[in-house]
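The structure appears below as structure tokens.
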Amino acid sequence: MPVPLSPRTYESLLAWYFVSVWGSGFLATKLGLQHAAPFTFLSLRFAFGLICLVPLLLVLRPRWPASRSETGHLIVAGLLMHAVHLGGSHYTQYLGMSAGITAVLLSVQPLLTAVIAGRWMGDRIGTRQWAGIAIGLAGVTLIVWHKIDVREASAGALLAVTISLAGVTAGTLYQRRWCPTADLRAAALLQFAGTLVVLAPLAWLVEGATVCWSWALAGSIVFLVIGASFLAVNALHTLMRRGRATRVTSLIYLTPIFAVTLELLMFGVVPSAISLAGIVVTCCGVAMVSWQGRRQQGSAA
4 MPVPLSPRTY
14 ESLLAWYFVS
24 VWGSGFLATK
34 LGLQHAAPFT
44 FLSLRFAFGL
54 ICLVPLLLVL
64 RPRWPASRSE
74 TGHLIVAGLL
84 MHAVHLGGSH
94 YTQYLGMSAG
104 ITAVLLSVQP
114 LLTAVIAGRW
124 MGDRIGTRQW
134 AGIAIGLAGV
144 TLIVWHKIDV
154 REASAGALLA
164 VTISLAGVTA
174 GTLYQRRWCP
184 TADLRAAALL
194 QFAGTLVVLA
204 PLAWLVEGAT
214 VCWSWALAGS
224 IVFLVIGASF
234 LAVNALHTLM
244 RRGRATRVTS
254 LIYLTPIFAV
264 TLELLMFGVV
274 PSAISLAGIV
284 VTCCGVAMVS
294 WQGRRQQGSA
304 A
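So the working numbering is basically just the index in the sequence shown, starting at one, shifted up by 3.
This is the structure in structure tokens:
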């Protein structure tokens, strides 16, 4: 008879599953983009997500938004977090930036969120958080400094990752402000549908909606929808409900290192010494912001 897992072991498994899948997602994206351009790849991803979600929600019967206003807010948040954020991050890799470096640059999102929330949403930022923000930005500077040149691909990749970072930061704060109690299952369906309505025409007009069908493409889509969008996000919110936000917050900053390591093993992409130094500095800075926030949460409890 199998021995049941202790709550602590179960929570640790959930946390590490979330981090490993989140880090692997950058590599799954890199693989998928070899067979379809970004808007086309995302359109396929969200179409498959809807195909999976519709029958599931018919059984689960989630709580739907009570008004058109709430529905609209959810769709706007979804467009920011999916169309803008993922569209930008996918084009970042499509234009030549490595998956690992993309993951690191996007990991500074909590730094931006802390600054904006502290300035306009009343969140308090302590001395350690400000130090972490400064250190994190210094790490990003190390990463991108040697990549800035006049070539179109490099400039385009930096612009795309900036747009992606702005999208996920704005989307996170927008959903926090306007949709704090939404049922995440219903929200996912509305946000997937809204994103598909926007991205599918762009895929056709900008990219010609050309797809090189392969098992690798299908596998990357299934992994990103089932493994990441459904299971990893569910693991995250399970840990949140169990009061384990601290563990997830601390582990989530390992995703860039996980992505860099996996990219080295799978694709042979070796980061430069300056990039490695920037990765370490950035992760330290973001972790400092996280630790300060966790202490405040603990004292508030």
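Glycine included, every Cβ here is placed at the ideal spot set by N, Cα and C.
Item: Using a Cβ-Cβ cut-off of 8 Å (strictly less than) and excluding sequence neighbours within five positions of Leu60, which residues of its own chain qualify?; Value: Arg188, Ala189 and Leu192
Item: Since I believe Tyr177 is in contact with Val107 (beta carbons under 8 Å), could you give me their beta-carbon distance rounded to a whole number of angstroms?; Value: Actually they are not in contact, since the Cβ atoms of Val107 and Tyr177 sit about 24 Å apart, beyond 8 Å.
Item: Can you tell me which residues form a DSSP beta bridge with Ala39?; Value: Val214
Item: Just how far apart, CA to CA, sit Val57 and Leu145?; Value: 45 Å
Item: Excluding sequence positions up to five away, which residues of its chain have a Cβ less than 7 Å from the Cβ of Tyr94?; Value: Pro41 and Ala163
Item: Within 10 angstroms of the Cβ of Leu268, are there 16 or more other Cβ atoms? Answer buried if so, exposed if not.; Value: exposed
Item: Assign Gln37 to one of two classes, buried (16 or more other C-beta atoms within 10 Å of its C-beta) or exposed (fewer than that).; Value: exposed
Item: What number of angstroms, rounded off, separates the C-alpha of Gly91 from the C-alpha of Tyr97?; Value: 10 Å
Item: Going straight from the alpha carbon of Cys287 to that of Glu210, what length do you get?; Value: 39 Å
Item: If the criterion is Cβ atoms closer than 8 Å, does the pair Gly103 and Pro259 meet it?; Value: yes
Item: Tell me the residue span of the alpha helix (DSSP H) that contains Met269.; Value: Thr258 to Phe270
Item: Taking C-beta to C-beta, are Cys1 and Val228 nearer than 8 Å?; Value: Because residue 1 is not part of the residues shown, which for the chain are 4 to 304, the question remains open.
Item: Given a threshold of 16 other Cβ atoms within 10 Å of its Cβ, counted over all protein chains shown, does Arg48 qualify as buried or as exposed?; Value: buried
Item: Restricting to Cα atoms, I'd like to know which of Leu265, Ile136, Pro274 and Thr130 is closest to Val118.; Value: Ile136
Item: For the alpha helix (DSSP H) containing Trp181, name the first residue and the last one.; Value: Glu155 to Trp181
Item: Decide if the segment 231–238 is in contact with the segment 18–31; the criterion is three or more beta carbon pairs, one per stretch, under 8 Å apart.; Value: yes
Item: Is the beta carbon of Thr184 sitting closer than 8 Å to the one on Thr116?; Value: no
Item: Figure out for me which residue from Val284, Met84 and Leu30 has the closest Cα to the Cα of Thr175.; Value: Met84
Item: Within the same chain, show all residues whose beta-carbon is closer than 6 Å to that of Arg33, passing over the 5 residues directly before and after it, in chain order.; Value: With the sequence shown as reference, residue 33 is identified as Lys, and Arg is not the correct amino acid for it. Contacts found: Gln96 and Ala102.
Item: If you compare alpha carbons, which of Thr264, Leu89, Leu16 and Val24 is closest to Gln194?; Value: Leu89
Item: Quick check: the Cα distance between Arg11 and Leu242, rounded to an integer number of angstroms?; Value: 11 Å
Item: Sorted by chain position, which residues of the same chain lie with C-beta nearer than 8 Å to Leu140's C-beta, five sequence neighbours on each side aside?; Value: Val111, Leu114 and Gly288
Item: Could you check where the alpha helix (DSSP H) with Thr95 kicks off and where it finishes?; Value: His88 to Tyr97
Item: Please classify Ala290: is it buried, with 16 or more other beta-carbons within 10 angstroms of its beta-carbon, or exposed?; Value: buried
Item: Go ahead and pull the three-state DSSP assignment for Gln295.; Value: Its pLDDT being 43, under 50, Gln295 is placed unreliably by the model, and the measurement read from it follows with that caveat. Of the three classes helix, strand and coil, the one that applies to Gln295 here is helix, per DSSP.
Item: Pick helix, strand or coil for Pro7, following the three-state DSSP scheme.; Value: coil
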